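As numbered in this note's numbering, residues 30 to 139 make up the sequence shown, in order.
Idealized CB from N, CA, C, for every residue including glycine.
Only a predicted model underlies this, so the values are computations on that prediction, with no experimental measurement involved.
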Amino acid sequence: MREWTLISHHGLVLASISKNPEKTAREISDDVGITERTAHKIIIDLEQAGYITRSKNGRHNVYRIHPHMPLRNTMSDAAVGELLELFGWQQKEIRGLSGSSARQSLIRVC
Numbered sequence: 030m031r032e033w034t035l036i037s038h039h040g041l042v043l044a045s046i047s048k049n050p051e052k053t054a055r056e057i058s059d060d061v062g063i064t065e066r067t068a069h070k071i072i073i074d075l076e077q078a079g080y081i082t083r084s085k086n087g088r089h090n091v092y093r094i095h096p097h098m099p100l101r102n103t104m105s106d107a108a109v110g111e112l113l114e115l116f117g118w119q120q121k122e123i124r125g126l127s128g129s130s131a132r133q134s135l136i137r138v139c
């Protein structure tokens with residue numbers, strides 16, 4: 030039988046980022062079981078599609094997930110935030126943001 034997973038690598042990278050938005054591409058690749066190069070490509074895909082934004086904190090990237098984005102290739106109106114909530118993530122307002130920017134950002138709440 031051919032091996033496959035229910036959630037794509039893009040979804041797994043997004044879930045990994047939601048656990049710790051300051052992870053390196055190397056840490057993300059180790060979490061997901063892909064190469065670091067593939068992780069970089071997926072991060073770029075997610076950023077270009079509007080699912081995440083990337084900012085710098087010193088020498089490191091910090092990612093912000095936009096949970097309002099729709100799931101791709103689906104017949105439902107579900108948003109990515111709803112999927113991440115199934116994994117235990119909660120939306121929380123981020124200091125320094127207000128209005129729709131704050132509502133559209135997701136960080137992990139322990």
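Beta-bridge partners of residue i, as assigned by DSSP
i, result
"K85", "N90"
"P99", "A108"
As assigned by DSSP and simplified to three states, the class of residue i
i, result
"S45", "helix"
"A107", "coil"
"S134", "Per-residue confidence for S134 stands at a pLDDT of 49, beneath the threshold of 50, marking its modelled position as unreliable; the derived number appears in the next sentence. S134: coil per DSSP, three-state reduction."
"E114", "helix"
Endpoints, alpha helix (DSSP H) assigned at residue i
i, result
"H69", "E65 to Q77"
"S58", "A54 to V61"
Beta-carbon proximity of residue i to residue j, cut-off 8 Å
i, j, result
"S47", "L100", "no"
"E76", "T67", "no"
"I63", "H38", "yes"
"G110", "H97", "yes"
"H95", "G79", "yes"
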